[in-house]
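Residue numbers (the working numbering): 19 to 422.
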Ligand code: HEM
C-alpha cells in the first residue's frame, strides 16, 4: 500500500491517488517537441479539435434522430432542420466537419509522406494513422446512410454490392452485411449502431494508439535532423532554452498549435454559416426510393480517387485495383527503401514520385465526379494505371537513393 499523507490541496489529494503530476509531465511539460517544425505539424491538433466537434454535434443530433426507415428522413430534414431550435446549426457543424476532416487528414498524410515521417522507428505512427483513415472512412460511410435519402440508399446499395466480389458472386455475403436482400430496416439499424457506437469507440482507441506511438520516436522535423531528445531536453531543463533544439509541448509549443487551430476555426465556421452546401448532396434531399435509381451515383469527394480506380476497368480487375488502392498506403514504410528521412525535395526521384502522386490523386478525384464516358473515361483509365505503376516503382526508385 502506498504511503498517503494529509493533503495540502485538492491537487495534492488527486496527485497522491492519480499521479496527475506524472501525467502532466508525460503529456505536456516534458513532452519534447523539435523547434524546427512548421504549421503543417499543427494538423494533428486540428484533427483532434475536428473530432471533438464531430462528437459534440453528433450527440446533439442523436437526441432527435430516429433510426427507422419510415421516419429517419423526416427526423433529419424536418424535426432537426426546422422544428428544433438550432438543430440546423448542429447538423451543419456535423456535415461540414465530416467533409473537412478528410481534407485535413489528406494534408496530414501528405505532410508525413513529404517529410518521410513514416520511416525509421516511426512505422507504427504511420500504421495507426492509416487505421484511423480506414476507421474515419467507415464512420463517414455509415453516417451517410442515416438520413435515408436517395444517395444514402443507392450509395449503400453500390458499396455493399462490391462485397459480392465480381465473378465470385458472393451474394450471400452481401445479404449478410445488409441483413436483407436490399438495404432496409436491418441495414439502417446496424449502420446506426456502427456510426454512433462501435466505430467511434474504435477511433478513440486508435487515437490513443497513434499518440502512444509518437512517444518513443518523437515527431519528425522539417530538416530531417536526427535530434538526441535526451541530451536536448536536459539542456533545456538546465536553463539553456534558446540553445536547445527542443521545447516543451505544454504550454510552449501548444500556443503555436492553438494559433493554427484559431485560424482553422474561422475558416470552419465560415463554411458552417455561409457555405455548407458543398457538404450536402442535393440528391439526398429526396427520400430513399428503391424503385428510382438516380441518374448518376457517386460517393462524397474524399472517396472519389479510389472510386475512379475501380471504375475504368472490367468488374473483376476493377475490384482488384480498388483493393490495391485501399491497402497500399499502409505499406509505404516498407516500400520506401531509401536510407533518408528528409524532405522529398532533397530526395532525387522520390521528389518526382511525390508530386506525381499528389497531382494524379487530384486528377482521379476530378474524374471520379464526372460521368464515365468519352475523354473523362480515358483520362481516368490512364490515371488509375499511373497510380498503380507508381506504387510498383517505389521500392526500385528508392533502393538506389544516395544518403544525403
Ligand atoms: C484523425 C485522426 C488523426 C489524429 C487525431 C492525428 C493526430 C496526430 C498528432 C496530434 C500528431 C503529432 C503532431 C503532428 O505531427 O501533427 C500526429 C502525427 C503523425 N500522424 Fe496523425 N493523426 C490522425 C490521422 C493520421 C493519418 C490518417 C495518418 C496517415 C497515415 C497519420 C500519420 C501521422 C504521422 C506520420 C505523424 C508523425 C509526424 C511526424 O513525426 O512529423 N495520422 N498525428
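Built from N, CA and C at the ideal position, the CB exists for glycine as well.
Please read all numbers here as calculations on a predicted model, not as lab measurements.
query	result
Tell me the start and end of each unbroken alpha helix (DSSP H) in the stretch 213-263 that is at least 4 residues and wholly inside, in chain order.	217-233 and 247-255
Taking 8 Å as the cut-off, decide whether the C-beta atoms of residue 153 and residue 107 are in contact.	no
Would you say the beta carbon of residue 375 is closer than 7 Å to some non-hydrogen atom of the ligand HEM?	no
Please check if any C-beta of chain B sits within less than 8 Å of the C-beta of residue 80.	The structure shown contains no chain B; it holds only a single protein chain.
Cα-Cα, which of 49, 30 and 315 is closest to residue 237?	49
Got a sec? Which residues, its chain only, sit under 7 Å from residue 210 by beta carbon, not counting five neighbours each side?	85 and 164
Answer yes if the stretch 130-148 comes into contact with the stretch 361-374, meaning at least three C-beta pairs across the two stretches below 8 Å, and no otherwise.	yes
Please return the same chain residues whose Cβ sits closer than 6 Å to the Cβ of residue 299, not counting the five positions on each side in sequence.	169
Do you know offhand how far residue 232's Cα is from residue 416's?	25 Å
Out of 371, 120, 79 and 404, which has the shortest C-alpha to C-alpha gap to residue 445?	With the chain running from 19 to 422 in the structure shown, residue 445 is simply not present.
Are residue 337 and residue 183 close, meaning C-beta to C-beta below 8 Å?	yes
So within the stretch 179-206, which uninterrupted alpha helix (DSSP H) runs reach at least 4 residues, ignoring any that extend past its ends?	189-196
In this structure, how does DSSP classify residue 100 when only helix, strand and coil are distinguished?	helix
With distances taken from CA atoms, which of 384, 34 and 289 is nearest residue 9?	There is no way to answer for residue 9, as the model of the chain reaches only from 19 to 422.
For residue 352 and residue 140, I'd like the C-alpha separation in whole angstroms.	11 Å
Would residue 452 be called buried (16 or more neighbouring beta carbons within 10 Å of its own) or exposed?	The question about residue 452 has no answer, for the chain in this structure spans 19 to 422.
Quick one: is the Cβ of residue 56 within less than 7 Å of any heavy atom of the ligand HEM?	no
Span of the alpha helix (DSSP H) holding residue 41?	38-42
Quick check for students: name the residue ranges of the alpha helix (DSSP H) that lie wholly in the stretch 296-353, counting only runs of 4 or more.	322-328, 333-346 and 350-353
Using only the alpha-carbon positions, how far apart do residue 279 and residue 375 sit?	28 Å
Within 10 angstroms of its Cβ, does residue 389 collect 16 or more other Cβ (buried), or is it exposed?	exposed
Assuming residue 52 is part of the beta strand (DSSP E), what are its boundary residues?	50-52
Determine whether the beta carbon atoms of residue 70 and residue 297 lie at a separation below 8 Å.	no
With a threshold of 7 Å, establish whether the CB of residue 228 neighbours any heavy atom of the ligand HEM.	yes
Can we count residue 358 as close to the ligand HEM, meaning its CB is less than 7 Å from some heavy atom?	no
Only counting the same chain, and skipping five residues up and downstream in sequence, which positions put a Cβ closer than 7 Å to that of residue 228?	143, 146, 147 and 150
Counting only the same chain and skipping the five closest in sequence on each side, list residues whose C-beta sits under 8 Å from that of residue 266.	46, 47, 48, 49, 50, 51 and 254
Which residues does DSSP pair with residue 167 in a beta bridge?	305
Would the C-beta of residue 289 count as close to the ligand HEM, meaning under 7 Å from any of its heavy atoms?	no
So residue 275 is in the alpha helix (DSSP H); what residue range does that whole segment cover?	272-292
Just to confirm, does residue 114 get its C-beta within under 7 Å of one of the non-hydrogen atoms of the ligand HEM?	no
Return the bridge partner residues of residue 265 from the DSSP annotation.	51
Check whether the stretch 60-70 touches the stretch 249-263, counting contact only when three or more Cβ pairs, one atom from each stretch, lie closer than 8 Å.	no
Is the separation between the beta-carbon of residue 326 and that of residue 382 shorter than 8 Å?	yes
Tell me the rounded alpha-carbon separation between residue 198 and residue 354.	44 Å
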